[in-house]
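First to last, the sequence lines map onto chains A and B. This note's numbering numbers the first residue of the first sequence as 1 and each following residue consecutively. This note's numbering numbers the first residue of the second sequence as 1001 and each following residue consecutively. Here a beta-carbon is modelled for each residue, glycine too, at the ideal position from N, C-alpha and C.
There are 2 protein chains.
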Amino acid sequence: MNTAQPPPGGARPGGRTARTRQAVLEAVFEELGEGGYAALTMERIARRSGVHVATIYRRWRSTEGLVCELMTDLSAEVPLPDTGTLAGDLRALARAIAAFYSEPRYRGLLEAVVSAAAREPAAADVLREFFDDRLRLAGRMVHRAVDRGELPADADPDEVMAALGAPFYYRLLISRRPVDLRLADCAADAAYAAALAGVFTHTEGDENGEGGR
Amino acid sequence: MNTAQPPPGGARPGGRTARTRQAVLEAVFEELGEGGYAALTMERIARRSGVHVATIYRRWRSTEGLVCELMTDLSAEVPLPDTGTLAGDLRALARAIAAFYSEPRYRGLLEAVVSAAAREPAAADVLREFFDDRLRLAGRMVHRAVDRGELPADADPDEVMAALGAPFYYRLLISRRPVDLRLADCAADAAYAAALAGVFTHTEGDENGEGGR
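Listed below in structure tokens is the structure:
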């Protein structure tokens, strides 16, 4: 994942507003990397970005507003692995997720948005849409596996990919310990074993064939 | 799960302090059920409990302190299923977890503690210990499965139970949608399939036999 990039605020036409926005979002990101969400305040962001604190309050209202905009900006970049097998794709993606969350600023951003979502419906919407998009994208791996005959056509891509992702969020938000390679490989292998065993196929009840293409 | 019980503050010797504590914690629980963590304030808790707001501030300092104490109180009650098979035990426990989080006040409490954990290290400790305890308890199901010869002796109980639980927290905190029976059965069957496939056994690297009994 292109995690070395600053938030792509600079992609907008480069006026003063765009530069302010980029400076502020970069400062949020750096603060999250250093002190996590626990230490994030508007004052610290102002100091680091060089943008006046009143300007930041006027435009974003709260740290919740800022972390949500930062997360929305991130949604562009997820290179999907294509190794030729579902087992390989799942392992590669799981290791990329582990590498992503080994960076403190991404852990901090996740915590910040989950926390904001508990307080503000708008933040909950950002969170849900962000992960829904990722799930849909990653679902292509499942479609390819169906095309190759690795999985039955009614395997549900969302369920497979949610199974892959869930252990990371349990580890980060509930167990509150770092992610590691063992977690990544277990998550991938568990999702694969369950998919092969037919756990994520809709055979009864929901018969609309929505799991296929 | 005995979710109909009020927080067991009343189990303490029944002095005035104990009664105050119980009234406040019950009020927190009811507020979480009605408005979630988003609407929880010290003032609303004071109004509902009939305890003066200054008393609440003095004893608990913040809503974070209150929700943590409420969660600590809950940790007593988890009846573990014992159906005779691991597949049956996992399904029964998953359905109990789904029933638990179908109650708004438990969803609210989870959100509240996860949110508090992002801001306060003490809340993070409460969260980690609460779920570590649950994991250890539930691990008995895995030990029994090993005794029955359903799983190899080096199956890691914590990893099996984390795999069972993870999908619920992904659904509640990340996808932000309600839990349902389909999720419960998928979580149970996926954990079972992965355990049978040997995903949660330590065969390389970690050779200390810690996965056994």
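| Item | Value |
| --- | --- |
| Listed by chain order, chain A residues near TYR1037 (chain B) by CB distance under 9 Å | ALA118, ARG119 |
| For PHE1131 (chain B) and ILE174 (chain A), the rounded distance between their alpha carbons | 7 Å |
| Nearest-angstrom Cβ-Cβ length linking ARG1123 (chain B) and ALA118 (chain A), presumed shorter than 8 Å | Per the sequence shown, residue 1123 (chain B) should be read as Ala rather than Arg. No, ALA1123 (chain B) and ALA118 (chain A) are not in contact; Cβ-Cβ is about 12 Å, not under 8 Å. |
| Check whether ASP156 (chain A) and VAL1199 (chain B) have beta carbons under 8 Å apart | no |
| Chain B within 8 Å of ASP154 (chain A), Cβ atoms only | no |
| Three or more C-beta pairs below 8 Å linking the region 1181-1195 of chain B and the region 1075-1095 of chain B | yes |
| From B:GLY1035, B:ARG1176, B:ARG1058, B:GLY1036, residue whose alpha carbon lies closest to that of THR1017 (chain B) | B:ARG1058 |
| Neighbour flag for TYR169 (chain A) against chain B, beta carbons, 8 Å | yes |
| Chain B contacts made by the region 37-53 of chain A, where a contact means CB separation under 8 Å | TYR37, ALA38 |
| 6 Å CB neighbourhood of ARG1105 (chain B) in its chain, flanking five on each side removed | PHE1029, LEU1032, GLY1033 |
| Below-8 Å beta-carbon distance, GLY1165 (chain B) vs any chain A residue | yes |
| The region 1018-1025 of chain B in contact with the region 1042-1056 of chain B per 3-pair CB rule at 8 Å | yes |
| Contact under 8 Å by Cβ, LEU1181 (chain B) with ALA1162 (chain B) | no |
| LEU164 (chain A) beta carbon less than 8 Å from that of ALA191 (chain A) | yes |
| Rounded straight-line distance, which links the Cα of ARG44 (chain A) to that of VAL1146 (chain B) | 53 Å |
| Residues bridged to THR1201 (chain B) (per DSSP) | B:ALA1155 |
| Own chain, CB closer than 8 Å to ALA39 (chain A), minus 5 neighbours either side, in chain order | GLU31 |
| Entirely enclosed alpha helix (DSSP H) segments - the region 92-156 of chain A, minimum 4 residues | 104-119, 121-147 |
| Proximity test, Cβ basis, 8 Å: LEU173 (chain A) and chain B | yes |
| Three-way DSSP call (helix, strand, coil) for ARG1048 (chain B) in this model | helix |
| For PRO8 (chain A), three-class secondary structure by DSSP | Caution applies to PRO8 (chain A), whose pLDDT of 49 falls short of 50 and renders its modelled position unreliable; the value that the coordinates give is listed next. In the structure shown, PRO8 (chain A) sits in a helix (DSSP, three-state: H, G or I). |
| Nearest-angstrom Cα separation, counted from PRO178 (chain A) out to ALA1138 (chain B) | 22 Å |
| Under 8 Å from the C-beta of VAL1114 (chain B): neighbouring residues of chain A | VAL114, SER115, ALA118, LEU173, ILE174 |
| Burial state of THR1041 (chain B), where buried means 16 or more other Cβ atoms lie within 10 Å | exposed |
| Interface flag, GLY1111 (chain B) vs chain A, CB-CB below 8 Å | In the sequence on display, residue 1111 (chain B) carries Glu and not Gly. Chain A, which has a Cβ nearer than 8 Å to the Cβ of GLU1111 (chain B), makes this yes. |
| Short CB-CB distance (under 8 Å) between VAL28 (chain A) and chain B | no |
| Secondary structure of VAL1160 (chain B), DSSP reduced to three states | helix |
| Near-chain B residues of the region 51-71 of chain A - C-beta to any C-beta below 8 Å | none |
| Residue environment, GLY1108 (chain B), which counts as buried when at least 16 other CB atoms sit within 10 Å | buried |
| Classification of ARG1021 (chain B) by the beta-carbon crowding that lies within 10 angstroms, buried from 16 upward | buried |
| Whether ALA96 (chain A) touches TYR1170 (chain B) by CB criterion (8 Å) | no |
| Members of the region 183-199 of chain A that neighbour chain B once the beta carbon cut-off is set at 7 Å | CYS186, ASP189, ALA190, ALA193, ALA194, ALA197, VAL199 |
| Members of the region 127-141 of chain A near chain B, C-beta cut-off 7 Å | LEU127, ARG128, PHE131 |
| Residue burial classification, ARG1176 (chain B) (beta-carbon count within 10 angstroms, cutoff 16) | buried |
| Cβ neighbours of VAL67 (chain A) in the same chain (closer than 7 Å, five flanking residues each side left out) | VAL28, LEU109, ALA112, VAL113, ALA116 |
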